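Residue numbering for the sequence shown follows the working numbering, beginning at 1466 and increasing consecutively. Read the structure below first, then the notes.
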Amino acid sequence: MKIKWCGNSYYIIEKDNVTIAIDPHDGYSLNLKPCYVDADYIIITHNHYDHNAVEMSYGNKTKEIIRDIVGEKRIDNIRIEFYEMAHDKNGGKIFGKVKAFSLIIDGIKIVNLSDIGEKFNEFIKEVFSPVDILMIPVGGVTTINYLEAIEYIENLKPKIVLPMHYWIKGSTLPYDSIDKFVNSINYKKIFMNSNEVNIDLNTLPNDIQVFILKYN
């Protein structure tokens, strides 16, 4: 399975002949590079402009745009479970709600927390544990901050952490950079030379590792 990060919270997952795009942005609105893909499925976790640029991932292959779902969804033998979470610490009264989700591909469980803003709680642990790969915001301001993200990691104990939703050089978004998060963790940190990583069930680490994908 290949996971590609296009900045902010935009991920592209490829496995065999299936491509899933998650929370695409258009690039221009964030002063980032546009990232185009012809995805079979497009997952939109909430309807904010930096997460809902469907046109960046829509093409001839596209079978379905998945949005505003709570509960279980199956696509091409992939099971996805969506849960509504607050985008802020006031129950969503400030920024609304998001649909965090888990999906299982070839025995690997990926959890994407979207723009979650609420503090870690037992419900989150109950619905998402155990976790193989955790996609988690660390930039704060409109989501959990880097310290709150660490609390999530310590409780969910994923094998691989993919930080997201942080400030990138040139971006117009007002988030913290990755530095605060990186400098505050004692987990093994792997700084990738590209924005892609290949992950296999047989090569998942035993201990928590943080993969910092390079924004290209």
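Ideal Cβ positions, reconstructed from N, Cα and C, are used throughout, including at glycine. Just so it is clear, the structure is predicted and the values come from calculations on it, not from any experiment.
Look at phenylalanine 1646 here: in three-state DSSP terms it is helix. The Cβ atoms of aspartate 1580 and glycine 1605 lie no closer than 7 Å to each other. If you check the CB distance, valine 1596 and proline 1628 do not come in under 7 Å. The C-alpha of glutamate 1587 lies about 17 Å from the C-alpha of asparagine 1577. Considering only Leu1568, His1552, Ala1518 and Asp1491, the residue with the shortest C-alpha distance to aspartate 1541 is Leu1568. Around the beta carbon of serine 1522, 16 or more other beta carbons sit within 10 angstroms, so the residue counts as buried. Rounded to whole angstroms, the separation of the alpha carbons of glutamate 1479 and arginine 1539 is 16 Å. Here methionine 1521 carries a helix assignment [DSSP, helix/strand/coil].
A residue is called buried when at least 16 other Cβ atoms come within 10 angstroms of its Cβ; valine 1603 meets this threshold and is buried.
Between lysine 1679 and asparagine 1663, the C-beta spacing is not below 7 Å.
When the Cα atoms are used, lysine 1590 and tyrosine 1501 turn out to be separated by approximately 34 Å. Linking lysine 1469 to leucine 1497 through their CA atoms gives a straight-line distance of about 15 Å. The Cβ neighbour count for isoleucine 1559, taken over all protein chains shown within 10 Å, is under 16; the residue is labelled exposed.
Boundaries for glutamate 1583: no beta strand (DSSP E) harbours it, and the DSSP string shows neither H nor E there. Counting the other Cβ atoms within 10 Å of the Cβ of aspartate 1553 gives 16 or more, which makes it buried.
Taken atom to atom, the span from the alpha-carbon of glutamate 1520 to that of isoleucine 1485 is near 14 Å.
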